[in-house]
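The block underneath contains the structure these notes are about, expressed in structure tokens.
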Amino acid sequence: MRPARRIRYARCVRRATRWTSNRPDPRQVVVSDLSLVSIGLVVAAAFLAGYCVRPLKARLLNPGLDGGDLPQEPGPDQQPLAWLSDLVELLPCPLLLIDRQGALIHANLAVRDSYGDVVSSLLRHPALDDTLLRVDGGDIVSATVKLDVPVARALQVSIRALPHIDPGLLVLALSDQTQQEAVERMRADFVANASHELRTPLASLIGFIDTLLGPAADDVQAQRRFLAIMQTQAARMRRLIDNLMSLSRIQLMEHDRPRGRVDLAPVIANVADGLEPLLQSRNIELKIDLASGLPSVRGDADQVAQVLQNLLDNALKYATRRITLSASPVQGGVWPAAAGVVLAVRDDGPGIAAHHLPRLTERFYRVEEGQAGRVGSGLGLAIVKHIVGRHSGRLQIESSQGKGSLFSVWLPRA
1 MRPARRIRYA RCVRRATRWT SNRPDPRQVV VSDLSLVSIG LVVAAAFLAG
51 YCVRPLKARL LNPGLDGGDL PQEPGPDQQP LAWLSDLVEL LPCPLLLIDR
101 QGALIHANLA VRDSYGDVVS SLLRHPALDD TLLRVDGGDI VSATVKLDVP
151 VARALQVSIR ALPHIDPGLL VLALSDQTQQ EAVERMRADF VANASHELRT
201 PLASLIGFID TLLGPAADDV QAQRRFLAIM QTQAARMRRL IDNLMSLSRI
251 QLMEHDRPRG RVDLAPVIAN VADGLEPLLQ SRNIELKIDL ASGLPSVRGD
301 ADQVAQVLQN LLDNALKYAT RRITLSASPV QGGVWPAAAG VVLAVRDDGP
351 GIAAHHLPRL TERFYRVEEG QAGRVGSGLG LAIVKHIVGR HSGRLQIESS
401 QGKGSLFSVW LPRA
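FYI, the numbering for the sequence shown is 1 to 414, going by the UniProt record's numbering.
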């Protein structure tokens, strides 16, 4: 190969490496993009290092050498893993070097940062073993591996052999598909749940509209009564859609831990002010008990406010005279086991039967109607559960029939 052509090849590798460095977060890029490009760069660089770059370097350092004196391609006794590991380390895509038995040789920085807690589980997964058996020649073989620990994740793996270096050496690229699968699952769930839950109020609206257009067309008193019912059903539909959308957004970023600091006192005050008209209309007292020196928590202020809003709204369905909202610091113990802040909402309602408690945070699960005949969407506590999970917090529910209910949320200190 002529020196000019070698220079062009080396320049292409440098440009391609710079191009991948300017790409978005590799965890968010589909496997057909950055992962495959990175695998291609490893293979191309391996070829160039053996056939082009080292001969070119030797010629530049020793202009008097002729073609017969140039270093030849690496022999079987040479060890290319050191420079290959350095190359893999520089690429932004999560890459692993493994052997054909699945033993780890090197994991680059992108893997250690994003997948350090799952690499061992990945390499032992049966789906990966089956994929390794299909790797042959220079073709890229892809598969999806689903892991359950420490959290559920779906990883797309793309594997290629490196025959120019070592027939037993493989490069494996990772792409996290968890978010994409969650989006698809949420889309399907939204369609199924929305169609089921919206059917009742929608049927009611259609029935009343038909009545207003027919038998009650000239009955003003009936029209007013029916319109009031229709307004209630429409409000229920709007509340349901808002909650479904809120739950979908929360689930979408459930794996993205919030890093902000939340001062709880103003958040609690804002939520309480917003509930004041409803409390007055129900003649229910809200007692707020904040401990002195309340520390900040690590989290998202809007989502912490939504947790309080949903817990208080749930308490309003069952309270008879009083709701108590407290916030107190804890240093760890039996529950919770670490330092943080516990937010607790207690009502003086009829309580909840024990067999309901394990299912209260399921979507669309409802207990009987509350004191004011209010029927919730069945999503409020599900939203609380997912927000608390995103914040690495804990949710505890205690209730006895005739003694009210206590909902406690622990959030870690900032």
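Heads up, the beta-carbon is just placed ideally off N, CA and C, and yes, glycines get one too.
Given the structure is predicted, the values throughout are model-derived calculations rather than measurements.
Beta-carbon within less than 7 Å of residue i's beta-carbon, same chain only, minus the 5 sequence neighbours each way: which residues are those?
| i | result |
| --- | --- |
| A154 | T144, K146, Q177, T178, E181 |
| A382 | L247, T361, E362, R363 |
| G332 | A338, A339 |
| D263 | S296 |
| R100 | L132, G168, L170 |
| T324 | K287, D289, R346 |
| L81 | I105 |
| V367 | I352, H356 |
Within the same chain, show all residues whose beta-carbon is closer than 6 Å to that of residue i, passing over the 5 residues directly before and after it, in chain order.
| i | result |
| --- | --- |
| S400 | G351 |
| S328 | A291, V342 |
| H125 | V145 |
| R298 | P412, A414 |
| R8 | In this prediction, R8 scores a pLDDT of 46, lower than 50, which makes its location untrustworthy; no coordinate-derived value is stated. |
| L357 | I397 |
Counting C-beta neighbours from all protein chains within 10 Å, is the total for residue i 16 or more, i.e. buried, or is it exposed?
| i | result |
| --- | --- |
| P237 | Checking the displayed sequence, the identity of residue 237 turns out to be Met instead of Pro. M237 should be labelled buried. |
| A110 | buried |
| N283 | exposed |
| P215 | exposed |
| G380 | buried |
| V88 | buried |
| E197 | buried |
| D289 | exposed |
| P336 | buried |
| L213 | exposed |
| R346 | buried |
| R131 | According to the sequence shown, residue 131 is Thr rather than Arg. T131 is buried by the Cβ-count criterion. |
| L278 | exposed |
| D210 | exposed |
| I165 | buried |
| V183 | exposed |
| S405 | buried |
| residue 417 | Residue coverage of the chain in this structure runs from 1 to 414, which leaves residue 417 outside it and unanswerable. |
| G393 | buried |
| P26 | Bear in mind that a pLDDT of 37 at P26, under 50, signals an unreliable position, so the number given afterwards is only what the model happens to contain. It is buried - the Cβ of P26 has at least 16 other Cβ atoms within 10 Å. |
| V191 | exposed |
| V220 | exposed |
| S377 | buried |
| N315 | For the sequence presented, residue 315 should be read as Ala rather than Asn. When all chains shown are included, A315 counts as buried. |
| L227 | exposed |
| L95 | buried |
Between which two residues does the alpha helix (DSSP H) harbouring residue i extend?
| i | result |
| --- | --- |
| G380 | 380 to 390 |
| S281 | 264 to 282 |
| V145 | Element bounds for V145: not the alpha helix (DSSP H) but the beta strand (DSSP E), 141 to 147. |
| S114 | 109 to 115 |
| T131 | 126 to 133 |
| L122 | 119 to 123 |
| Q101 | Q101 -> no alpha helix (DSSP H), and no H or E assigned at all. |
| L169 | No alpha helix (DSSP H) holds L169; the beta strand (DSSP E) holding it covers 166 to 176. |
| V88 | 81 to 90 |
Let's see if you can read the secondary structure: which residues bound the beta strand (DSSP E) around residue i?
| i | result |
| --- | --- |
| D219 | Where D219 is concerned, there is no enclosing beta strand (DSSP E), given that its DSSP letter is neither H nor E. |
| S328 | 322 to 330 |
| E285 | 285 to 290 |
| V307 | That residue, V307, is in no beta strand (DSSP E); its alpha helix (DSSP H) goes 301 to 318. |
| E398 | 394 to 399 |
| A354 | Taken as a continuous stretch (DSSP letters only), A354 belongs to no beta strand (DSSP E), as it is neither H nor E. |
| P295 | Segment: none, P295 is in no beta strand (DSSP E) and carries neither H nor E. |
| R346 | 340 to 347 |
| L155 | 153 to 162 |
| P412 | 405 to 412 |
On the premise that residue j lies in contact with residue i, defined as a C-beta separation below 8 Å, what is that separation, rounded to the nearest angstrom?
| i | j | result |
| --- | --- | --- |
| I241 | F208 | Contact doesn't hold; Cβ gap of about 20 Å is too wide. |
| H106 | S85 | 4 Å |
| L97 | V171 | 6 Å |
| V149 | H255 | Going by Cβ atoms, the distance from V149 to H255 rounds to 14 Å, so no, they are not a contact pair. |
| L91 | N108 | 7 Å |
| V157 | L169 | Rounded, the Cβ-Cβ distance is 16 Å, inconsistent with contact. |
| A319 | D273 | Contact doesn't hold; Cβ gap of about 18 Å is too wide. |
| D136 | G102 | That belief does not hold up - the Cβ atoms of D136 and G102 are roughly 16 Å apart, past 8 Å. |
| A354 | S408 | The Cβ separation is near 17 Å, so there is no contact. |
| R322 | E285 | 5 Å |
Only counting the same chain, and skipping five residues up and downstream in sequence, which positions put a Cβ closer than 8 Å to that of residue i?
| i | result |
| --- | --- |
| A127 | A143, T144, V145, K146 |
| D303 | The amino acid occupying residue 303 in the given sequence is Gln; Asp does not appear at that position. So the qualifying residues of the chain are I250, P258, I387, R390, H391. |
| residue 415 | As shown, the chain starts at 1 and ends at 414. That puts residue 415 outside it, with no answer to give. |
| G138 | V43, R160, A161, P163 |
| V267 | A301, V304, A305, L308 |
| A194 | L240, I241, L244 |
| R359 | Y365 |
| V330 | P336, A339, G340, V341, V342, W410 |
Entirely within the stretch 232 to 262 and at least 4 residues each: give me those alpha helix (DSSP H) ranges in chain order. none
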